[in-house]
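Peer 1: Here it is, the structure in full.
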Amino acid sequence: MKLTNNSHRITILFTFSLFINLIAIAQSQTFPSSITVAKDGSGNFKTIQKAVNAVRDLSEVKVSIYIKNGFYREKLVIPAHKSNISLLGEDQFKTIISYDDYSGKGAINTYTSHSVLVQGNDFSATNLTIENTAGAVGQAVALHIEADRVIIKNCRILGNQDTLFPSAANSRQYYVNCYIEGTTDFIFGAATVVFEHCHIHSKKNSFITAASTTESQPYGFVFLNCKLTADADIQKVYLGRPWRSHAKTVFVNTEMGSHILPAGWSVWNKNDNHKTAFYAEYGSTGLGFVKDSRVAWSKQLTKKEAKAYTFKNIFAGTTSWLPK
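Position one of the sequence shown corresponds to residue 32 (this note's numbering), numbered consecutively onward.
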């Protein structure tokens, strides 16, 4: 009996000691604040996904992942529990994240066709090319973002149909000095998004945007001081069409090439979405702006109305956010 009691005490002491040691290990474990990715093995990891996986879950501090020039064939996912990640490419033309999934390829659909999927909040990307190389095969997303408080800077986002998918209604996203190209509805989704000083390039006679803004959102897609261009043989492009009934898209001080049709905007498959959508312009310039020919259900903002399109107003949300 005495031996049994001693054994019990030893077991308790061993368990307690193990518990203390595990706590000490957890407390002493460190997570990197910066990581380098390089194809040639000169960094911490050879793939971007492994670098993302190494970031502390729900990080409260910004973690910079520096990506050296190279072609990274990855279907990259930034999961919801990997927050505060910043991807920093060496050169936007030479640091390339690429994949080629598309809707209809096996079990792939529009929502899973992405080359890059961002679900973790407070994400940013700078100096990168993100592309979907599936070609003209239908919906094939290059960049799909569900996260909130996202900044995309000096990036090239390349594809065909459905290139860029800012999808979630509670998501706020800011794109600055980016080049975005595609064919049909190549900027689409429900997020609140500002595109500033971006170059938007059409590769087909079709539609640039297809917003699905919800009724509760005061803003949808806002283009500020952007430039719209097209391939030389493209001459019949609409600014957008309403994917959902309360779609909101506004162009402010945007230069529009001759490929933009005089009507400006289109209905969605002959339904009535346009009757409750909000499609507007202010200060448009270029051959693509024919004010008197715009569809009757679109709007030309007054100077006072245009002044409301500030970052503070657009990105107000349930919590304030000003991208910087």
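Note that CB positions come from ideal geometry on N, CA and C, so glycine has one too.
Taking only the alpha-carbon atoms, compute the straight-line gap between Lys322 and Pro293 and give it to the nearest angstrom.
Peer 2: Each residue's alpha carbon lies about 8 Å from the other.
Peer 1: Residues in its own chain within less than 8 Å of Glu121 by CB, not counting five upstream and five downstream?
Peer 2: Excluding positions up to five away in sequence, the list reads Tyr97, Ile98, Lys99, Asn100, Asn158.
Peer 1: Drop a sphere of 10 angstroms on the beta-carbon of Phe238, count the other beta-carbons inside from all chains shown, and report buried for 16 or more, exposed for fewer.
Peer 2: Burial call: buried.
Peer 1: Would you mind reading off the limits of the beta strand (DSSP E) that contains Gln204?
Peer 2: Note, Gln204: beta strand (DSSP E), 203-207.
Peer 1: Which of the three DSSP states, helix, strand or coil, is assigned to Ser133?
Peer 2: Reading off the sequence, residue 133 comes out as Tyr, not Ser. Coil at Tyr133, not helix or strand.
Peer 1: Should Gln123 go down as buried or exposed, given a rule of 16 or more other Cβ atoms within 10 Å for buried?
Peer 2: Looking at its Cβ environment, which holds 16 or more other Cβ atoms inside 10 Å, Gln123 is buried.
Peer 1: Could you spell out where the beta strand (DSSP E) holding Asn163 opens and where it closes?
Peer 2: Per DSSP, Asn163 belongs to the beta strand (DSSP E) from 160-163.
Peer 1: Does the distance from the CB of Ile109 to the CB of Val83 come in under 7 Å?
Peer 2: Their beta carbons are under 7 Å apart, which means Ile109 touches Val83 by this criterion.
Peer 1: Report the partner residues of Trp296 according to the DSSP bridge assignment.
Peer 2: Trp296 is bridged to Gly271.
Peer 1: Specify the secondary structure class of Ile54 as computed by DSSP and reduced to three states.
Peer 2: Only weak support is given to the placement of Ile54: the predicted model assigns it a pLDDT of 44, under 50, and the question is left unresolved by the model.
Peer 1: Just to confirm, is the Cβ distance from Trp19 to Leu270 under 7 Å?
Peer 2: Because residue 19 is not part of the residues shown, which for the chain are 32 to 355, the question remains open.
Peer 1: Consult DSSP for Ser73 and reduce its assignment to one of helix, strand or coil.
Peer 2: Looking at Ser73 - three-state DSSP - the assignment turns out to be coil, as it is neither helix nor strand.
Peer 1: Answer with buried or exposed for Leu195, where buried requires no fewer than 16 other C-beta atoms within 10 angstroms of its C-beta.
Peer 2: It counts as buried.
Peer 1: Looking only at its own chain, which residues have a Cβ that is under 6 Å from the Cβ of Thr67, when we skip the five neighbours before and after it?
Peer 2: Around Thr67: Gly74, Asn75, Tyr97.
Peer 1: Are three or more beta carbon pairs between the segment 214-231 and the segment 182-200 nearer than 8 Å?
Peer 2: The segment 214-231, when compared against the segment 182-200, does touch it at the 8 Å Cβ threshold.
Peer 1: Among Asp193, Lys77, Thr126, Gln266, which has the Cα closest to the Cα of Asn140?
Peer 2: Cα-wise, what sits closest to Asn140 is Asp193.
Peer 1: Quick one: is Thr204 buried, meaning 16 or more other Cβ sit within 10 Å of its Cβ, or exposed?
Peer 2: Correcting the residue type first, residue 204 is Gln in the shown sequence and not Thr. Counting Cβ neighbours within 10 Å, Gln204 comes out buried, since at least 16 surround it.
Peer 1: With H, G and I counted as helix, E and B as strand and the rest as coil, what does DSSP make of His290?
Peer 2: Of the three classes helix, strand and coil, the one that applies to His290 here is coil, per DSSP.
Peer 1: Pick from Leu118, Leu259, Gly190: whose alpha carbon is nearest that of Ile231?
Peer 2: Residue Leu259 is the option with its Cα nearest to Ile231.
Peer 1: So the candidates are Gly213, Ala242, Ile128; which of them puts its Cα closest to the Cα of Phe219?
Peer 2: The shortest C-alpha separation from Phe219 is found at Ala242.
Peer 1: Can you check which of these residues, Ser351, Glu336, Ala337, is closest to Lys343 by C-alpha distance?
Peer 2: Comparing Cα-Cα distances from Lys343 to each of Ser351, Glu336, Ala337, the minimum goes to Ser351.
Peer 1: Go through its chain and collect everything with a Cβ distance to Ser155's Cβ below 6 Å, but skip five positions before and after it.
Peer 2: Around Ser155: Ser117, Ile182.
Peer 1: Should His228 go down as buried or exposed, given a rule of 16 or more other Cβ atoms within 10 Å for buried?
Peer 2: The residue in question, His228, is exposed, as its Cβ has fewer than 16 Cβ neighbours within 10 Å.
Peer 1: Rounded to whole angstroms, how far is the Cβ of Ile265 from the Cβ of Lys306, which I believe are closer than 8 Å?
Peer 2: Not quite, the Cβ-Cβ distance comes to about 29 Å (not below 8 Å), so this is no contact.
Peer 1: Using a 10 Å radius around the Cβ and a threshold of 16 neighbouring Cβ atoms, would you call Arg104 buried or exposed?
Peer 2: Its Cβ having fewer than 16 others within 10 Å, Arg104 is exposed.
Peer 1: Excluding sequence positions up to five away, which residues of its chain have a Cβ less than 7 Å from the Cβ of Gly319?
Peer 2: So the list reads Leu259, Met287, Gly288, Ser289, His290, Ile291, once near-sequence residues are dropped.
Peer 1: In chain order, what residues of the same chain have a beta carbon less than 8 Å from the beta carbon of Ala173, not counting five sequence neighbours either side?
Peer 2: For Ala173, where only same-chain residues beyond five positions count, the Cβ hits under 8 Å are His145, Ser146, Val147, Ile161, Glu162, Asn163, Ile188, Leu189, Gly190, Thr194, Leu195.
Peer 1: Please classify Gly251 as buried or exposed, where buried requires at least 16 other C-beta atoms within 10 Å of its C-beta.
Peer 2: By the 10 Å Cβ count, Gly251 comes out buried.
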